[in-house]
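In the numbering used here, the protein residues as written are 1 to 116.
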Amino acid sequence: VVGKPSRAFFDAAILRAEAVMKQRFGDSDEREGGGPESSLAVDRKRVVMIGDDARDDVKGAIAAGLNGLLVRTGKYREGEEKRAGLLNENGQPLTGFLGTAENFSAAVDCLLLGHT
Numbered sequence: 001v002v003g004k005p006s007r008a009f010f011d012a013a014i015l016r017a018e019a020v021m022k023q024r025f026g027d028s029d030e031r032e033g034g035g036p037e038s039s040l041a042v043d044r045k046r047v048v049m050i051g052d053d054a055r056d057d058v059k060g061a062i063a064a065g066l067n068g069l070l071v072r073t074g075k076y077r078e079g080e081e082k083r084a085g086l087l088n089e090n091g092q093p094l095t096g097f098l099g100t101a102e103n104f105s106a107a108v109d110c111l112l113l114g115h116t
């Protein structure tokens, strides 16, 4: 059993996303151009884990080379980002921690509008 926050969990999710894209869009060699720019490899720096668990969802994603955005719903408790070590001693976010959002919908809006 592989679960969050293990890197294997996030690696498996990335591999699955790549497999789905390959199935849906074909191999890069099959598409026009076929060069690196048409690759279906997932760029981890462009992936965001949206979750309500600061340690397992967000910090786990960051440890796996992804970004994380914490929603203030479900498991979230006030100050969780500091307790989980997502903020340094000066209150600045760790690299990859994009902040918090009120809920999942607001998190998606923030990402689409570039407010992170």
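From the three backbone atoms N, C-alpha and C, an ideal C-beta is built for every residue, glycine too.
The residues V48, N67, G68, L69 and T116, in chain order, have a CB closer than 7 angstroms to that of L98 in the same chain once the five nearest residues on each side in sequence are set aside. Between the beta-carbon of A84 and that of R55 there is about 5 angstroms, and that keeps the pair under the 8 angstroms contact cut. Minimum Cα-Cα distance from R44 among the listed residues A107, A64 and P93 corresponds to A64. Between V42 and I14, the gap from beta carbon to beta carbon is short of 7 angstroms. Rounded to whole angstroms, E80 and D53 show a C-alpha spacing of 8 angstroms. Looking at the backbone, the Cα of E18 and that of A8 are separated by about 15 angstroms. Secondary structure of L98 (DSSP, three-state): strand.
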